[in-house]
Amino acid sequence: MNNPLLATFATPFDTAPFDQITPKHFLPAIKSAIAEAKEDISKIKAEALPTFENTIEALDGSGKRLGIIAGIFFNLNSAETNEEIQSLAREISPLLTEHGNDILLDQALFQRVAQVFEQKDGLKLSPEQVTLLDKTYKSFVRNGAKLKGEKADQLRKIDQELAQNSLKFGENVLAETNKYVHIVDLESDLEGLPEGIKEAAAQIAEEKGEAGKWAFTLDYPSYIPAMTYAKNRALRETLFMANGTKCAKGDELDNQEIIKKILKLRHDRAVLLGYKSHADFVLEERMAKSPSQVISFLDSLLEKAKPKGKAEIKELEAFAKELDGLEELKKWDFAYYSELLKKEKYSLDDELLRPYFQLEKVIEGVFQTAEKLFGITFTPRTDIPVYHKDVTAYEVTDKEGKYLSVFYADFFPRPGKRNGAWMTSYKGQSIKEGQDIRPHVSIVCNFTKPTKSKPSLLTFNEVTTLFHEFGHALHGMMAKGSYESLSGTSVFWDFVELPSQIFENWCYEKECLDQFAKHYETGEKIPEDLIEKIKKASNFQQGYQTLRQISFGLLDMAYHSKDPSEITSIRDFEEQVMKPTDLLPKVPGTLMSTSFSHIFQGGYSSGYYSYKWAEVLDADAFELFQEKGVFDKATADSFVKNILSAGGSEHPSVLYKRFRGREPKQDALLKRAGLISE
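Using my numbering, the letters of the sequence shown map in sequence onto residues 35 to 712.
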């Protein structure tokens, strides 16, 4: 069988040949690429005296084909999956885990790495080379290279089981999301919903074989508007309960026991490697360094946010009582009354803004903002194969017109795609034998789809999401490192959100909005008074929202900073941990942990705090842009040089100080969120 994954990609820029790949190609390609990667390792071990070049650099350059094929496979498993791909994932994942362990537990290879590491001070290495050497040595030690015999076997077994359980967790969340649909028969039950949302619900119903009715799913573009605008309280409660009990119903898709397994495996692994807990293991390689520092950071924000959050809930309760005689504000009431209160306080709601945020125009705006700041341009390429008709591929060029990157954009929900939004990479950046190998980067979102009568019109929250993911993409596209493992987004996890979160700030700037925020029917620019209202409303209920993020961070740390064997009930544990941050009555039966994909399927275990950590960095960094001008060339150039292009070449504290001229301060974030006065 000719396997397109194993041939030279005869595509523009060596992009993935999606038009030729079928699921049957993946397993043989992975097996072949593993064999090839093993040959790379054998060649490294066959070298005479270990040097930085023939061991450390060679290791960074090994297994490239395997990395690309695995990247294609797992990206499809998130963005365009099906039962066949999921079944393959269960087979492929253990193979990759075993291969990774074969490398990191290879004593002969580790001895070579250790010998180079011991000579570090006399090698005259550049800062980037020192970082690569440190990272390589630590990756071996942190993955069991010092373990022998039975303990090494135990680690392999744990890693295999972890990979399988994380996959299963994600499959259950996707299956539960896909199987749920709520049909509404009467239009009168949809009071309050904007016409565009009703039309989208009618379109979903038609697709589900229920023409003439309205359907709601747990996909965000369907669920969130219903929770925000439906006057029908029973409808909101029904949808809230479906979402809040996801994978927690005691059936075959229940994730509670899987969580316990994942927690135990992570803890056992950390203890085996000599750490007190999984959090201690993870945070050793983070800016925050330790669980106590993370908890102290979150507690300091909690202290400032809780009084404001309490006052906001009190205000909302009074508003709901006055408006509708509501005696008790429930969790399914929060978004609905918040939207009405925001409208009353600021004369602003999402439906007023939507017409100014046509998806195609917002994409143009994102590109124009990047061009204005960094001189890069985006050209659609119909000759680059894509994995779904909704995906668009672009060629990215720098200010000299030189090829910089390939960029894929995938924006609408569908059954084979998990919820949420993320950036990913199909090919990393590095420099090999003097040649700059450029990256292939993708962003995947779940935005409101076009209907028969309207284009895709985004909420302002979706606009900021697009800017956020595009900030991650910039980090990947503008990479200029020598080594792939230090390039682009390969940075400390609590630093990776800085480029994404800082890019959101431009959404609030008139100079930026004027480029693209135009009414989809009239072409009229967004009025200045609306921009002012957006700015004023930007810290609306920030106390509550900050508490919500803190609660997720604290739950993550509670799960991972202690021995989890004491956790007999996931439900009781979650309730106990989240009680100090929960300002609305607990809804019996609901459970957030069972669909907390960030920490049980994604890479955020012991790292969820990093969203707030990076907010401190982004607010502090953007303050410099505000002082100099939001499109100031010198500041933008410095941000590219020290942050976007530098990747993980040096410690993030060093890179940040080089850009900002000092350590970060919390003040800018606290002011922006209205938690302290100006």
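Quick reminder that beta carbons are idealized off the backbone N, C-alpha and C, glycines included.
With 16 other Cβ atoms within 10 Å as the buried cut-off, status of residue i
i: ASN206; result: buried
i: GLU253; result: The residue you asked about is not Glu; residue 253 is Asp in the sequence shown. By the 10 Å Cβ count, ASP253 comes out buried.
i: ALA142; result: exposed
i: VAL396; result: buried
i: ASP597; result: exposed
i: ILE258; result: buried
i: VAL530; result: buried
i: LEU273; result: buried
i: VAL688; result: exposed
i: ALA260; result: buried
i: LYS451; result: buried
i: GLY97; result: buried
i: GLU378; result: exposed
i: ASN199; result: buried
i: ILE64; result: buried
i: GLU286; result: exposed
i: ASP288; result: buried
i: ASP606; result: exposed
i: PHE77; result: A small correction: the amino acid at residue 77 is Lys; Phe does not occupy that position in the sequence shown. So LYS77 counts as exposed.
i: TYR437; result: exposed
i: ALA702; result: buried
i: ALA313; result: buried
i: LEU491; result: buried
Candidates the options, of which the one nearest residue i by Cα
i: GLY105; options: GLU87, ALA92, ILE90, THR49; result: THR49
i: PHE494; options: ILE568, VAL400, SER640, LEU208; result: ILE568
i: LYS172; options: PHE315, SER534, VAL688; result: PHE315
i: ALA276; options: GLY226, LEU224, HIS216; result: HIS216
i: PHE693; options: LYS395, LEU651, ALA268; result: LEU651
i: ILE137; options: ASP671, GLY505, THR89; result: THR89
i: VAL611; options: HIS685, ASP383, ALA653, LEU581; result: LEU581
i: VAL621; options: ASP367, TYR554, GLU318; result: ASP367
i: PHE203; options: LYS294, PHE673, ASP193, VAL164; result: LYS294
i: ALA345; options: ALA551, ARG99, GLY577, ASP470; result: GLY577
i: ILE604; options: THR85, GLY284, PRO489, ALA264; result: GLY284
i: GLU241; options: VAL497, PRO449, GLN149; result: PRO449
i: LEU386; options: LEU227, LEU617, PRO698; result: LEU227
i: ALA680; options: ILE292, TYR380, LYS514; result: LYS514
i: THR403; options: GLN290, LYS265, ALA551, ALA264; result: ALA551
i: ALA369; options: MET321, ARG270, GLU81, PRO447; result: ARG270
i: LYS376; options: ALA148, ALA571, ALA707, PHE174; result: ALA571
Collapsed DSSP secondary structure at residue i in the structure displayed
i: LYS355; result: helix
i: ALA592; result: helix
i: THR458; result: strand
i: LEU130; result: helix
i: THR411; result: strand
i: VAL150; result: helix
i: VAL218; result: strand
i: TYR542; result: helix
i: HIS685; result: coil
i: SER640; result: coil
i: ILE465; result: strand
Proximity below 8 Å, CB of residue i to CB of residue j
i: LYS213; j: LEU224; result: no
i: SER521; j: GLN583; result: no
i: LEU208; j: GLU125; result: no
i: ARG300; j: HIS632; result: no
i: LYS154; j: SER519; result: no
i: GLY505; j: PRO533; result: yes
i: GLU755; j: THR413; result: Nothing about residue 755 can be read from this structure; the chain reaches only from 35 to 712.
i: GLU503; j: MET457; result: yes
i: ILE102; j: LYS423; result: no
i: MET591; j: GLU608; result: no
i: SER516; j: GLU162; result: yes
i: GLY557; j: THR165; result: no
i: THR211; j: GLY623; result: no
i: GLU545; j: VAL400; result: no
i: VAL147; j: PHE174; result: yes
Cutoff 8 Å: residue i Cβ touching any chain D Cβ
i: LYS280; result: The question asks about chain D, but that chain is absent: this structure has only one protein chain.
message: Assess contact between the segment 69-78 and the segment 41-48, defined as three or more Cβ pairs (one per stretch) separated by less than 8 Å. Is contact present?
response: Judged by Cβ distances under 8 Å, the segment 69-78 makes no contact with the segment 41-48, as fewer than three pairs qualify.
query: Is the segment 468-488 touching the segment 504-521, taking contact as three or more C-beta pairs under 8 Å?
result: Taking 8 Å as the limit for Cβ pairs, the verdict is that the segment 504-521 does touch the segment 468-488.
message: Under 8 Å: do the segment 229-239 and the segment 248-266 share three or more Cβ pairs, one atom per stretch?
response: Yes: the two stretches touch, three or more of their Cβ pairs being nearer than 8 Å.
task: Count the C-beta pairs between the segment 577-589 and the segment 644-656 that are closer than 8 Å, then say yes if the count reaches three, no if not.
output: Enough Cβ pairs lie closer than 8 Å, so yes.
message: Measuring CB atoms only, is the segment 336-351 touching the segment 539-549, in the sense that at least three cross pairs come out at less than 8 Å?
response: Contact between the segment 336-351 and the segment 539-549 is absent, because fewer than three Cβ pairs lie under 8 Å.
query: Between the segment 406-416 and the segment 373-393, do at least 3 Cβ pairs fall closer than 8 Å?
result: At 8 Å Cβ cutoff, the stretches do not touch.
query: Using 8 Å as the Cβ pair cut-off and three pairs as the minimum, do the segment 187-197 and the segment 126-133 touch?
result: Look at the beta carbons and you see the segment 187-197 touching the segment 126-133: at least three pairs across the two are nearer than 8 Å.
- prompt: When the Cβ atoms of the segment 296-311 are set against those of the segment 183-192, are three or more pairs found closer than 8 Å?
  reply: With the cut-off at 8 Å, the segment 296-311 and the segment 183-192 touch.
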